[in-house]
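Colleague:
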Amino acid sequence: MNTLRPIRALPGRDAVEIIDQRALPHRLVMETLASPQAVYTAIRDMWVRGAPLIGATAAYGVALQMSRDPSDAALEEGTAWLASARPTAVNLAWAIERMRARLRATPVVERAAVAWNEADAIADEDIAVNRAIGEHGLALVKAIAARKPGPVRVLTHCNAGWLATVGWGTATAPIYLAHQAGIELHVWVDETRPRNQGASLTAWELGQAGVPHAVVADNAGGHLMQHGQVDIVFVGCDRVTARGDVCNKIGTYLKALAAHDNGVPFYVAMPTSTLDRSLHDGLAEIPIEERSAREVTHLAGRDADGRIVEVQVVPDGTRAANPAFDVTPARLVTGLVTEHGVVPASAAGIASLPV
Ligand code: MRU
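In my numbering, the protein residues as written are 150 to 504.
#1: Examine ligand 1 and report whether any of its heavy atoms sits within less than 8 Å of the Cβ of Phe415.
#2: When you compare the CB positions of Ala261 and Ser216, do they come within less than 9 Å of one another, or not?
#3: List in chain order: all unbroken alpha helix (DSSP H) runs of 4+ residues lying wholly within the stretch 410-463.
#4: So within the stretch 198-229, which uninterrupted alpha helix (DSSP H) runs reach at least 4 residues, ignoring any that extend past its ends?
#5: Quick one, are the C-beta atoms of Ala418 and Ile282 less than 9 Å apart?
#6: So who's on the other strand from Cys396, going by DSSP bridges?
#7: Rounding to the nearest angstrom, what Cα-Cα distance links Phe383 and Arg480 in this structure?
#8: Relative to the C-alpha of Leu334, which residue among Ile457, Met150, Pro361 is closest?
#9: For Thr152 and Asp465, what's the separation of their Cα atoms in angstroms?
#10: Helix, strand or coil for Thr181 per DSSP?
#11: Run the proximity test for Arg217: is its beta-carbon closer than 8 Å to any non-hydrogen atom belonging to ligand 1?
#12: Cβ of Val364 versus every heavy atom of ligand 2: is any distance shorter than 8 Å?
#13: Do Pro420 and Glu340 count as a contact pair if the criterion is CB distance below 9 Å?
#14: Check this for me: beta carbons of Val211 and Leu252, under 9 Å apart or not?
#15: Rank Asp194, Glu274, Leu350, Val303 by C-alpha distance to the C-alpha of Val379 and give the top, closest one.
#16: What residue does the alpha helix (DSSP H) around Val239 start on, and which one ends it?
#17: How do the stretch 219-236 and the stretch 285-304 stand: do at least 3 beta-carbon pairs fall below 8 Å, yes or no?
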């Protein structure tokens, strides 16, 4: 498990400390968020990112709001505003709704203390949930290791690691547990353009943990699968519908298509906080965030002198589109690895999960 927490409340309960993920992998920078406004900015501008971590951060944003003004009006306005920071990951709405429901039932004078406790509970539960996902995913990895020689070759997309959660990660939890159990692994890390969460965050995490891995260009996954180089795919998710359609980082759908065509099992690690039972048709109903064109037209990295620089990769004046997520239809998903076990990506599979 990660020893560093991507988010934690400071002892005075007047601020939270986060890892500013924009600086990784080149620098480990901690930032203090001391107001709901700072929390909103950190989520919108992706200082913190990843569905479960966005939810936990927003919960602390509500706590910061309650420390300032615990009135009904501040609760309603503050939660609605924080929920609008990013549209796609349902964990944001889930965590805020959990906070709102708890606080509405709490006398105004007690709201600040209860809010901090509830935000801590959301963060701590995330660690336990991901550990359980890891145990269920570990069984899948063990089954592959038992039937073939050499490393189990996992492909993953984006960063669904501990940086995207409070602990363990979702898609990475089976990887970390398998590594701890002494199972030989090799992880193919999709770079995940345009923001390169795979190249900068997942590769950093796996490197810290000593898990063998290689970063590949996003377009390499299909080729690797055609050549028998991938035994299993584990990805995370930002929202899963009641019939099992999976929304995740842009490019996930193409990996699922390639996996389907090549008979490679494609598993989605899904904490039930990422389930949106109110939606069915993921393609039609899930809001897809459109982010700045600059994320596509420019790249950031470290130069030979150690400075972080941004470079332009397109001709001057080129326009770009930047849909940040896509939807993988349930039929392409082998299974959903949840904290309650592995279930089919189907209406029946989802219905079997506790509400
Ligand atoms: O835009 P991001 O970096 O917040 O997107 C993150 C992803 O799509 C992750 O794969 C997903 O949130 C799962 S995190 C456990």
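Every residue gets a Cβ at the ideal spot worked out from N, C-alpha and C, and that includes glycine.
Modeller: Considering the structure as presented:
#1: In the sequence shown, residue 415 corresponds to position 266, counting from 1. False, no ligand heavy atom lies under 8 Å from that Cβ.
#2: Within the sequence shown, numbered from 1, the residue matching residue 261 stands at position 112. Within the sequence shown, numbered from 1, the residue matching residue 216 stands at position 67. Their beta carbons are under 9 Å apart, which means Ala261 touches Ser216 by this criterion.
#3: 431-434, 443-446
#4: 200-217
#5: Counting from one through the sequence shown, the residue named residue 418 turns up at place 269. Counting from one through the sequence shown, the residue named residue 282 turns up at place 133. For Ala418 and Ile282, yes; Cβs fall inside 9 Å.
#6: Position 247 of the sequence shown holds residue 396. Beta-bridge pairing links Cys396 to Arg388, Val476.
#7: Taking the sequence shown and counting its residues from 1, one reaches residue 383 at position 234. Taking the sequence shown and counting its residues from 1, one reaches residue 480 at position 331. Cα to Cα, Phe383 sits roughly 16 Å from Arg480.
#8: Position 185 of the sequence shown holds residue 334. Nearest C-alpha to Leu334: Pro361.
#9: As a working note, residue 152 is residue 3 in the sequence shown. As a working note, residue 465 is residue 316 in the sequence shown. So the two alpha carbons sit approximately 44 Å from each other.
#10: Taking the sequence shown and counting its residues from 1, the one referred to as residue 181 is at position 32. In the structure shown, Thr181 sits in a strand (DSSP, three-state: E or B).
#11: Counting from one through the sequence shown, the residue named residue 217 turns up at place 68. False, no ligand heavy atom lies under 8 Å from that Cβ.
#12: Judged by which ligands are present, ligand 2 is missing from the structure shown, whose ligands are ligand 1.
#13: Here residue 340 refers to the residue found at position 191 of the sequence shown. Here residue 420 refers to the residue found at position 271 of the sequence shown. No. Outside cutoff.
#14: By 1-based counting over the sequence shown, the position of residue 211 is 62. By 1-based counting over the sequence shown, the position of residue 252 is 103. Yes, the pair counts as a contact, with Cβ atoms nearer than the cut-off.
#15: One-based indexing of the sequence shown puts residue 379 at position 230. Among Asp194, Glu274, Leu350, Val303, the Cα nearest to that of Val379 belongs to Val303.
#16: Within the sequence shown, numbered from 1, the residue matching residue 239 stands at position 90. Counting along the chain, the alpha helix (DSSP H) containing Val239 begins and ends at 239-253.
#17: no
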